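Below you'll find the structure, written out as structure tokens, and then a few comments.
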Amino acid sequence: MGKSFQHEKPPSRINLTIDVEDGGAIKKVELPLRLLVMGDFGSEKSDVDLEDREPERIDKHNFEGVMADKNLKLDYTVKNRLTGKEGDELRVNLNVDSMSSFRPEEVAKQVPELNAMLAARGLLQDYRDRLVNDKQLTKELEKIVKDDQLRNRMLGELNKMIKDESNT
105 MGKSFQHEKP PSRINLTIDV EDGGAIKKVE LPLRLLVMGD FGSEKSDVDL
155 EDREPERIDK HNFEGVMADK NLKLDYTVKN RLTGKEGDEL RVNLNVDSMS
205 SFRPEEVAKQ VPELNAMLAA RGLLQDYRDR LVNDKQLTKE LEKIVKDDQL
255 RNRMLGELNK MIKDESNT
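In the numbering used here, the protein residues as written are 105 to 272.
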């Protein structure tokens, strides 16, 4: 009976080997994969010539620290889907100090328009949680919804709270 496929070792994406003579016999020795990446990845341009630059060792243990030290920034323009207007663009300036900077909630915190929406969402969630347990609050909100003057006053207060929340 043949060997089961379960016992086969799947090939790695990159295997570097070298033939080494050991006591008259040639054996294959696997070499570790090492990469050298060159470029200006920081936010400031370097005046140091390329051949004079010192290589910086980056591994899984110091990757986040290197990102933070480089003061990385992303500046670009995207289609503004918040306004609904065709051709509207939104300027985005992101500070990147770790891989977690790419999480959606972290990106949203750095875009003022999205941050305001997050603040409004948090306030609405607070209201929803209170509505579930508070009958008096429910009655007051029903009264506000029915009265235009009270509703406009509450919208003004909510907008003020959203601005305050997004500034913190």
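From the three backbone atoms N, C-alpha and C, an ideal C-beta is built for every residue, glycine too. Remember, it's a predicted structure, so these values are computed and weren't measured experimentally.
- The secondary-structure analysis by DSSP pairs alanine 129 across a beta bridge with Asp126.
- Distance from the Cα of proline 159 is smallest, within the candidate group Asn175, Leu176, Arg138, His165, for Arg138.
- Taking a contact as a CB-CB distance under 8 Å, the pair leucine 218 and isoleucine 266 does not count as one, their CB atoms being some 12 Å apart.
- A buried status is given to valine 200, since no fewer than 16 other beta-carbon atoms sit within 10 Å of its beta-carbon.
- The straight-line gap separating the alpha-carbon atoms of aspartate 151 and lysine 264 is approximately 47 Å.
- By the criterion of a C-beta distance shorter than 8 Å, glutamate 134 is surrounded in its chain by Asn119, Leu120, Thr121, once the five residues flanking it on both sides are discounted.
- For the set Asp156, Phe167, Glu155, Val215, the Cα lying nearest the Cα of threonine 181 is the one of Val215.
- Here the alpha carbon of lysine 247 sits roughly 16 Å from the alpha carbon of glutamate 261.
- Put simply, the backbone Cα of alanine 129 is about 22 Å away from that of proline 136.
- If you check the CB distance, leucine 198 and valine 211 come in under 8 Å.
- About 10 Å separates the beta carbon of glutamate 168 from that of serine 205, a gap too long to meet the 8 Å contact definition.
- Going by DSSP, valine 196 is part of the beta strand (DSSP E) stretching over 193-200.
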